[in-house]
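> End of the sequence shown sits at 470 in the numbering used here; the numbers just go up one at a time, nothing left out.
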Amino acid sequence: MRSRPFRGRRRYPTKDPPLAERALPVRRRKADLRRRVNADLGLAFTASGLTSYGGIEIFRCYLRRIDFSRRLQSHLAPRLLRGDFAAVSMIKLILVMLILGAHRLRHVAYLQGDPLVSRFSGLRQLPSDRTLSRWLGQCSLTVRRALQRFQVELLAQSYRPLRLPRVTLDIDGTVCSTGLTAERAFRGYNPHHRKSPSYFPITAHLAQTGHILRVQNRAGNVNDGKAAMGFLRDALRDLAQVAPGATAEIRMDGAYFRRDIIGWLDTRAEYAIKVPFYQWVDLQTQIRKQKRWRRVAQDVDGFDVTLALHPWSRTLRVAIYRKRVQHQSPKNYQLDLFDPTDGHWEYSAVATNKTVGIKALWQFMAGRGAHEKVLSELKSGYAFATIPTRNYAANSTWQLLAAMAHNLVVSLQIDTTAQRRRHTAKRSPIFALKRIGTLRFEWICRAGVLQRPAGRQVLKLMNNLPARREVERIVQRLEAA
């Protein structure tokens, strides 16, 4: 006898459902999703321990675990910075302002009364913007050098446990428009605002982690390559302290294609430097003579040649690349040397003392984009391009502290939640790092209240599940460190 097909809903006992069974999602009524608002809320201001930046307590705990205040004080000579406010507290106040997103000194007024900002800086009463401006103006070259030594010490603490055999350093300058009243600001290399005075700071970027190794502010009318020798010496000296024994790799653009720089780097580091299409370099002749190009990537071909530079009385290994494009480049000066029926190409050349092939060298140079990304993050996220005062020393110190704030955020992620990634030929960062804007949205800018329920202060935050998981994960990693 054939059994009748089952046409109804299969029902299981309530107390013992099968293992594969799960509760079906219940669709809620639209009326249950809407919320009625009858009138505007009244506003009341209070000073009862409310904070808008609950996540900043995590940074305070992190700085306490790395002994930030004592180590910073050891680098600052006594009586070097005068004033009613301690130098360490002022530096920590500026750091917390930059981490929270302040772009002007006057924004310190909006942090008055926040208990967590006071705890972070160690100040019962925050200074005014004019006090901050005058204090920054005291930061002479001696103070900035002390801050730079302290920054190298912090980077060594984060970098040495990684035990990387190679360390890649990106060197490049960036333009910061200043207006007409800033000290030592001149018209120079400012492609978007050619008549605006500017600063032209130079930075050294650690490619594997995303840290900024060194920052040096400069006037806007300096030659990027000609003024870089002293910075290169200091950067390689700092790199030897951060990663002793590691092989140094340097990546730079065409502004640093200079005889003194290449001669100095020959015996000190592996380098890859973009080669400008100068007439005396005569790359056009090499391209015209080349009949066979090797495939490097999609739409990219290349070859390498030992180039004799007679004005320098030396030879260089130069890799020349061409990339097929669908448009005629307005800056492709060598197009008239080739048959137009060959299509449109963009040419580039790289001088190097590395022993890798042209494909690996192409990928290595392509990794310089990470430095541009970090510079963009510094300017948009940490107010690096802001000119807070008219004083050159104050503005230079502001840039240095912006880089320090960025490094602290990167180090906190590396020490707690950042996932490690595989090494690449581009020398991309080996950790998946979040941008500061993302961190502010996820857990830094969280409203909370300080209470003392049983004689011990407790920070209470809203019970948002994703933010709670992230904060608890960071706290667990910090406690385990």
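We treat Cβ as the ideally placed atom computed from N, Cα and C, and that holds for glycine. Note that this is a predicted model, so its numbers are computed, not measured.
Buried or exposed: where does H395 fall if 16 or more other Cβ atoms within 10 Å of its Cβ makes it buried?
By the neighbour-count rule (16 or more Cβ atoms within 10 Å), H395 is buried.
> Decide if E46 is buried, meaning its Cβ has at least 16 other Cβ atoms within 10 Å, or exposed.
Flag for E46 reads buried.
> With a cut-off of 8 Å, do at least 3 Cβ pairs link the segment 193 to 200 to the segment 99 to 116?
Judged by Cβ distances under 8 Å, the segment 193 to 200 makes no contact with the segment 99 to 116, as fewer than three pairs qualify.
> Within the continuous alpha helix (DSSP H) that includes W351, where are the two ends?
Run containing W351: 347 to 355, per the alpha helix (DSSP H) assignment.
> Below 8 Å, can you find three or more Cβ-Cβ pairs linking the segment 449 to 464 to the segment 230 to 245?
No: fewer than three Cβ pairs fall under 8 Å.
> So with Cβ pairs under 8 Å, would you call P154 a contact of chain B?
Here chain B cannot be found, since the structure has a single protein chain.
> Reducing DSSP to helix, strand and coil, say where E187 ends up.
A small fix is needed here, since residue 187 is Ser in this sequence, not Glu. Strand.
> Considering only residues of the same chain and omitting the five flanking positions on each side of V525, which have a CB-CB separation below 6 Å?
Nothing about residue 525 can be read from this structure; the chain reaches only from -10 to 470.
> When we look at the beta-carbon of M451 and count the other beta-carbons within 10 Å, is it buried (16 or more) or exposed?
Under this definition M451 is an exposed residue.
> Determine the DSSP secondary structure at Q275, reduced to helix, strand or coil.
Looking at Q275 - three-state DSSP - the assignment turns out to be helix.
> In this structure, how does DSSP classify E366 when only helix, strand and coil are distinguished?
Helix.
> Should V26 be labelled buried (16 or more other beta-carbon atoms within 10 Å of its own) or exposed?
It counts as exposed.
> Quick one: is H299 buried, meaning 16 or more other Cβ sit within 10 Å of its Cβ, or exposed?
Label assigned to H299: exposed.
> With H, G and I counted as helix, E and B as strand and the rest as coil, what does DSSP make of A286?
In this structure, A286 counts as strand in the three-state DSSP scheme.
> What are the start and end residues of the alpha helix (DSSP H) that includes L142?
In the sequence on display, residue 142 carries Glu and not Leu. Looking at the DSSP string, the run of the alpha helix (DSSP H) that includes E142 is 130 to 148.
> Once the 5 residues before and after Q402 are set aside, which same chain residues still bring their CB inside 6 Å of it?
Counting only Cβ-Cβ distances below 6 Å, and skipping sequence neighbours, we find L422.
> For A391 and I88, what's the separation of their Cα atoms in angstroms?
Taking the straight line from one Cα to the other gives about 9 Å.
> By DSSP, does L115 sit in helix, in strand, or in coil?
Residue state, collapsed to three classes: coil.
> Kindly indicate the opening and closing residues of the beta strand (DSSP E) around L450.
Note, L450: beta strand (DSSP E), 447 to 450.
> Given a cut-off of 8 Å on the beta-carbon distance, is the pair E142 and R379 in contact?
No.
> Check whether the segment 267 to 275 touches the segment 247 to 259, counting contact only when three or more Cβ pairs, one atom from each stretch, lie closer than 8 Å.
Contact between the segment 267 to 275 and the segment 247 to 259 is absent, because fewer than three Cβ pairs lie under 8 Å.
> Output the distance between the C-alpha atoms of R93 and Q279, rounded to the nearest integer angstrom.
Whole-angstrom Cα-Cα distance: 55 Å.
> Is the beta carbon of L428 closer than 8 Å to that of G437?
No, Cβ-Cβ distance for G437 and L428 is not below 8 Å.
> Should L82 and L52 be called a contact, given that it needs their Cβ atoms to be closer than 8 Å?
Not a contact, by the Cβ cut-off of 8 Å.
> Judging by CA-CA distance, which residue of R445, I276, A229, I191 is the nearest neighbour of L153?
Taking only the C-alpha atoms, the option nearest L153 is A229.
> Which same chain residues end up closer than 6 Å to L144 when comparing Cβ atoms and leaving out the 5 residues on each side of it in sequence?
Closer than 6 Å at Cβ, skipping near neighbours: H200, V231.
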